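Take a look at the structure below.
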Amino acid sequence: MSEAHPPVYGDDESAASAADSDGEEFSRNVKEAAEILRKARASMADEETADALLYKSARLLSTAVALRPTSLVAVGQLGNTYLLHGELKLKVSRELRTLLASSGAFLNGRERAPRSRKVDRRMVSRESISSALVDVCEECESLLVEAGRSYRMALSIDSGDAKALYNWGLALIFRAQLLADIGPV
Numbered sequence: 059m060s061e062a063h064p065p066v067y068g069d070d071e072s073a074a075s076a077a078d079s080d081g082e083e084f085s086r087n088v089k090e091a092a093e094i095l096r097k098a099r100a101s102m103a104d105e106e107t108a109d110a111l112l113y114k115s116a117r118l119l120s121t122a123v124a125l126r127p128t129s130l131v132a133v134g135q136l137g138n139t140y141l142l143h144g145e146l147k148l149k150v151s152r153e154l155r156t157l158l159a160s161s162g163a164f165l166n167g168r169e170r171a172p173r174s175r176k177v178d179r180r181m182v183s184r185e186s187i188s189s190a191l192v193d194v195c196e197e198c199e200s201l202l203v204e205a206g207r208s209y210r211m212a213l214s215i216d217s218g219d220a221k222a223l224y225n226w227g228l229a230l231i232f233r234a235q236l237l238a239d240i241g242p243v
């Protein structure tokens, strides 16, 4: 008398089905993130739009990397997303620093210094500008560190990846520029 055994979740058929599903999700995420990253590059003048697009691209690519940690394409694109986002935050930090440094930036409620759209129009006090600057600088550094880690991972996957090495260098340069802008502590 033989007993029928229920299917086990780890059997070959369900494992193949899960792999197909993961492969489809991976491909969809990488493809969508690449399109979003392209749109973000094109909209860098509109910081709010670029910011939102870069966050979305990073979420999709993080999921793709979790599905396939050794995918050079996913890891490299994630690094590119972090690098571009860090570059955007560096630009915003410089605009905030300029605004903070300009004495009498506001006269009778009117702007005298050029402003980023990312800078909230209601910010008028030096304290609020300083606080926003600290937040942007911290996020900028964090994004550039993550970019460097992604490129380091890409190099561990393919040690001959010249683009990853070059972009890792860019991430380091942008971090150095951020630190130079901040000045000695």
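Numbering (my numbering), first residue to last: 59 to 243. Positions of the beta carbon are idealized from the N, C-alpha and C atoms, including for glycine. Keep in mind the model is a prediction, meaning the values are calculated, not measured.
{"Check": "Contact the stretch 180-200 vs the stretch 111-129: 3+ CB pairs below 8 Å", "Outcome": "no"}
{"Check": "Buried/exposed call for Tyr224, threshold 16 Cβ in 10 Å", "Outcome": "exposed"}
{"Check": "For Gly241, three-class secondary structure by DSSP", "Outcome": "coil"}
{"Check": "Integer-rounded CB distance, given that Leu191 should sit under 8 Å from Arg155", "Outcome": "6 Å"}
{"Check": "Proximal residues to Met211 (C-beta, below 6 Å), its chain only, five neighbours per side dropped", "Outcome": "Val133"}
{"Check": "Same chain only: Cβ atoms within 7 Å of Ala92, ignoring 5 sequence neighbours per side", "Outcome": "Gln135"}
{"Check": "Inter-residue Cα distance where the pair is Leu130 and Ile215", "Outcome": "7 Å"}
{"Check": "Residue nearest to Leu158 in terms of C-alpha spacing, selected from Arg184, Glu106, Glu145 and Leu142", "Outcome": "Arg184"}
{"Check": "Pairwise C-alpha distance: Thr139 and Phe84", "Outcome": "17 Å"}
{"Check": "Leu111 and Lys89 closer than 7 Å at C-beta", "Outcome": "no"}
{"Check": "Ala229 in three-state terms, based on DSSP", "Outcome": "helix"}
{"Check": "Same chain, Cβ closer than 6 Å to His143, five either side skipped, listed in chain order", "Outcome": "Leu112 and Leu201"}
{"Check": "Simplified DSSP state of Met102, which is helix, strand or coil", "Outcome": "coil"}
{"Check": "Asp80 in three-state terms, based on DSSP", "Outcome": "helix"}
{"Check": "Candidates Ala100, Ala108, Glu145 and Met102: closest to Glu204 by CA position", "Outcome": "Glu145"}
{"Check": "Among Val150, Met102 and Thr128, the one whose alpha carbon lies nearest that of Asp239", "Outcome": "Val150"}
{"Check": "Alpha-carbon to alpha-carbon, Leu236 and Glu106", "Outcome": "20 Å"}
{"Check": "Of the listed residues Leu95, Ala103, Pro127 and Ser160, nearest to Ile187 (C-alpha basis)", "Outcome": "Ser160"}
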